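All remarks here apply to the structure that follows.
Protein chains: 2
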Amino acid sequence: MPTYKLLIAYDGAGFHGYARQPGVRTVQAELETALAPHTGPVDSVVAGRTDKGVHAAGQVVSFTCSEAVDPARLARSLNSRLGPEVAVLDVSEVDAGFSARFDAIERSYEYRVLNREVPDPFLAATSWHVDAPLDLEAMNVAAGAFVGERDFASLCRKAAERATVREVRSATWRREGDLVVYAVTASSFCHQMVRSMVAICVDVGRGVVAAAAVPAILEARDRHAARGAAPAHGLTLVAVRYA
Amino acid sequence: MPTYKLLIAYDGAGFHGYARQPGVRTVQAELETALAPHTGPVDSVVAGRTDKGVHAAGQVVSFTCSEAVDPARLARSLNSRLGPEVAVLDVSEVDAGFSARFDAIERSYEYRVLNREVPDPFLAATSWHVDAPLDLEAMNVAAGAFVGERDFASLCRKAAERATVREVRSATWRREGDLVVYAVTASSFCHQMVRSMVAICVDVGRGVVAAAAVPAILEARDRHAARGAAPAHGLTLVAVRYA
């Protein structure tokens with residue numbers, strides 16, 4: 055069966071997350087509806103199931119269908135059907151058996167904080183507005199505590215029987231004008247893990263939590279030890295890496 | 055009477071333009087409602103009456119009120135009331151008699167065209183997607199024909215008895231990644247003038263109209279000689295200059 059890989063971007067604001075759910079608008083449902091005239095019904099697989107309101111600049115989706123399709127023609131057709139909220143950046147044929155989810159070896163997310171007193175209408179949809187001054191150095195010390203193979207139970211919304219050990223490969227904060235941007239790469243992430251990291255780091259940056267207290271939050275392996283989750287609309291899945 | 059000057063930014067998507075109109079949501083109405091608890095009812099004056107869907111990064115508004123207000127406190131209060139679509143960047147007290155409209159000596163607009171095959175969900179709200187290749191050099195030749203003091207009747211939506219002579223001080227196209235950005239500065243603009251310039255330049259860039267034909271479009275002094283108007287959502291009022 056021919057197998058295809060899609061690279062897509064979306065503005066998450068209008069969607070109840072990536073994954074199909076009955077009764078609500080999801081990226082997966084719109085994508086599979088747009089695919090159907092070309093491929094028939096497909097059961098697509100996604101690299102990162104983003105939550106309601108979370109964006110993607112480099113999400114990867116794979117699917118198989120019974121007959122071959124022309125990748126460039128499919129991309130053009132999908133873009134004309136999906137409208138500006140979802141864009142198909144690339145379509146390619148891949149080896150049979152390829153899974154966007156199980157073959158992914160690394161995911162990278164970015165979280166944007168607008169750090170100035172005054173809001174910005176043009177960044178409001180894709181950043182969390184924090185007007186208190188932030189100590190970037192302390193936030194980088196906090197983020198450093200996440201790097202390595204660790205049990206992230208304190209930072210994950212509980213999913214029964216799901217392992218919460220993950221390998222974080224890098225986690226850094228940088229300033230870009232009035233934005234403070236968190237870039238984090240891991241083998242994979244559990245549910246709400248990035249937004250929980252951001253909530254802790256911002257509390258460290260504001261001086262509400264000491265950077266030195268972060269390792270103990272992780273060691274508690276208890277969701278209640280954390281600082282909640284930063285708002286979804288600041289988060290973007292930026293890239294997925296394959297071997 | 056104390057007089058104040060506001061520097062504001064807004065995402066025009068949710069508004070039927072800047073100027074108050076009965077029955078629809080406008081920036082002016084929301085701004086004056088947010089001002090009222092501090093200033094009482096005001097009759098504000100704006101530098102550039104932007105159309106439905108047009109954005110502003112540096113719009114200027116002035117008003118007088120019977121009692122003095124604290125500018126910094128007013129800015130904070132307005133930002134907390136107006137939410138992320140409208141931001142008050144600065145509030146200052148100015149000389150009595152100052153008018154944001156009549157004292158302005160120059161307005162600058164930018165128009166953003168996303169010029170690549172694939173749409174971009176994150177630029178969709180603030181740029182016009184043109185997927186055909188654009189010849190930037192030809193577009194700059196076309197834009198050069200707008201510079202100087204000229205009658206722009208061909209580029210203005212007719213307003214009875216209103217003069218259509220304007221002085222355009224600069225008009226240039228530049229590339230910024232996948233964006234092609236038009237920057238234009240004039241003493242003032244008549245209605246739909248920038249979007250009409252953009253429609254002509256993009257048709258020149260696509261090779262549909264010759265750059266050499268642009269002076270004749272102006273000389274016709276006839277709206278029908280032009281190429282319509284580019285969509286509102288690509289346009290932003292970026293700055294207003296005072297003596």
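Chains Y and F supply the protein sequences, listed in that same order.
Counting the first sequence from 1 gives a position; the numbering used here is that position plus 54.
Counting the second sequence from 1 gives a position; the numbering used here is that position plus 54.
All C-beta atoms, glycine included, are put in the ideal place defined by N, C-alpha and C.
All values reported here derive from a predicted model rather than from experimental measurement.
Within chain Y, the residues that residue i reaches when beta carbons sit closer than 8 angstroms
i, result
"phenylalanine 176 of chain F", "Ala63, Asp65, His109, Ala111 and Thr180"
"glutamate 139 of chain F", "Pro175 and Ala178"
Nonlocal neighbours in the same chain, by C-beta distance under 7 angstroms from residue i, ignoring five residues either side
i, result
"threonine 226 of chain F", "Asn194, Ala197 and Ala237"
"tyrosine 296 of chain F", "Asp157, Ala158 and Ile159"
"alanine 199 of chain F", "Val268, Pro269 and Leu272"
"alanine 150 of chain F", "Met55 and Thr57"
"aspartate 310 of chain Y", "Coverage of chain Y is limited to positions 55 through 297, which leaves residue 310 of chain Y absent and any answer about it impossible."
"alanine 279 of chain Y", "Ser208 and Ile271"
Contact list for residue i against chain F, beta-carbon separation under 9 angstroms
i, result
"asparagine 169 of chain Y", "Going along chain F, no residue has its Cβ under 9 angstroms from asparagine 169 of chain Y, so there is no contact; the nearest lies around 15 angstroms."
Contacts of residue i in chain F (Cβ-Cβ under 8 angstroms)
i, result
"valine 201 of chain Y", "Here the premise fails: no neighbours, minimum Cβ distance about 28 angstroms."
"leucine 143 of chain Y", "Val172"
Whole-angstrom distance between residue j and residue i, CA atom to CA atom
i, j, result
"glutamate 164 of chain F", "serine 224 of chain F", "12 angstroms"
"alanine 101 of chain F", "valine 294 of chain Y", "47 angstroms"
"serine 250 of chain Y", "arginine 281 of chain Y", "7 angstroms"
"phenylalanine 243 of chain F", "alanine 186 of chain Y", "39 angstroms"
"histidine 109 of chain F", "aspartate 97 of chain Y", "41 angstroms"
"methionine 55 of chain F", "threonine 118 of chain F", "6 angstroms"
"valine 327 of chain Y", "arginine 161 of chain Y", "Since the displayed chain Y opens at 55 and closes at 297, residue 327 of chain Y lies outside it and no answer follows."
"proline 125 of chain F", "leucine 132 of chain F", "10 angstroms"
"valine 123 of chain F", "threonine 93 of chain F", "7 angstroms"
"threonine 57 of chain F", "tyrosine 72 of chain Y", "50 angstroms"
"glutamate 221 of chain F", "valine 172 of chain F", "37 angstroms"
"alanine 283 of chain F", "arginine 155 of chain F", "24 angstroms"
"leucine 136 of chain F", "leucine 60 of chain F", "14 angstroms"
"serine 116 of chain Y", "aspartate 174 of chain Y", "36 angstroms"
"arginine 228 of chain F", "valine 248 of chain F", "16 angstroms"
"glycine 261 of chain Y", "alanine 129 of chain F", "26 angstroms"
"aspartate 189 of chain Y", "valine 235 of chain Y", "13 angstroms"
"alanine 111 of chain Y", "threonine 104 of chain Y", "12 angstroms"
"threonine 218 of chain F", "valine 201 of chain F", "14 angstroms"
"leucine 89 of chain F", "glutamate 203 of chain Y", "53 angstroms"
"glutamate 230 of chain F", "valine 184 of chain F", "15 angstroms"
"serine 241 of chain Y", "leucine 209 of chain Y", "16 angstroms"
"proline 95 of chain F", "arginine 277 of chain Y", "50 angstroms"
"aspartate 144 of chain Y", "arginine 127 of chain Y", "11 angstroms"
"valine 148 of chain F", "threonine 239 of chain F", "24 angstroms"
"cysteine 14 of chain F", "alanine 253 of chain Y", "Chain F is shown only over 55 to 297; residue 14 of chain F falls outside these bounds and no answer can be derived."
"proline 76 of chain Y", "proline 76 of chain F", "40 angstroms"
With 16 other Cβ atoms within 10 Å as the buried cut-off, status of residue i
i, result
"glutamine 113 of chain F", "buried"
"serine 146 of chain F", "exposed"
"glycine 259 of chain Y", "buried"
"isoleucine 271 of chain F", "buried"
"glutamate 121 of chain Y", "exposed"
"glutamine 246 of chain Y", "buried"
"valine 268 of chain Y", "buried"
"proline 91 of chain Y", "exposed"
"lysine 212 of chain F", "exposed"
"serine 134 of chain F", "exposed"
"arginine 216 of chain F", "exposed"
Cross-chain neighbours of residue i in chain F, by beta carbon under 7 angstroms
i, result
"asparagine 133 of chain Y", "Val172 and Pro173"
Neighbourhood of residue i by C-beta, 6 angstroms cutoff - its chain only, sequence neighbours within 5 removed
i, result
"alanine 265 of chain F", "Ala192, Val195, Ala196 and Val258"
"phenylalanine 152 of chain F", "Thr57 and Ser116"
"alanine 207 of chain Y", "Thr218 and Arg275"
"valine 99 of chain Y", "Ser116, Ser153, Ala154 and Arg155"
"valine 263 of chain F", "Asp257"
Neighbourhood of residue i by C-beta, 8 angstroms cutoff - its chain only, sequence neighbours within 5 removed
i, result
"histidine 70 of chain F", "Val78, Arg79, Thr80 and Lys106"
"leucine 233 of chain Y", "Arg166, Val167, Leu168, Asn169, Leu177 and Ser181"
"arginine 74 of chain F", "Thr80, Gln82, Ala83 and Glu86"
Closer than 8 angstroms to chain B by CB, residue i
i, result
"tryptophan 227 of chain F", "Absent here is chain B; the protein component of the structure consists of chains Y and F."
Residue i CB to nearest heavy atom of the ligand FMN below 7 angstroms
i, result
"valine 81 of chain F", "Within the structure as shown, the ligand FMN is missing, as the structure has no ligands at all."
Query raised in the report: Using 8 angstroms as the threshold, is the region 130-149 of chain Y in touch with the region 60-74 of chain Y, meaning 3 or more CB pairs across them?
Result: Cβ pair count under 8 angstroms is three or more, so yes.
Query raised in the report: Does the count of Cβ pairs from the region 170-180 of chain Y and the region 282-291 of chain Y closer than 8 angstroms reach three?
Result: Contact between the region 170-180 of chain Y and the region 282-291 of chain Y is present, with at least three C-beta pairs closer than 8 angstroms.
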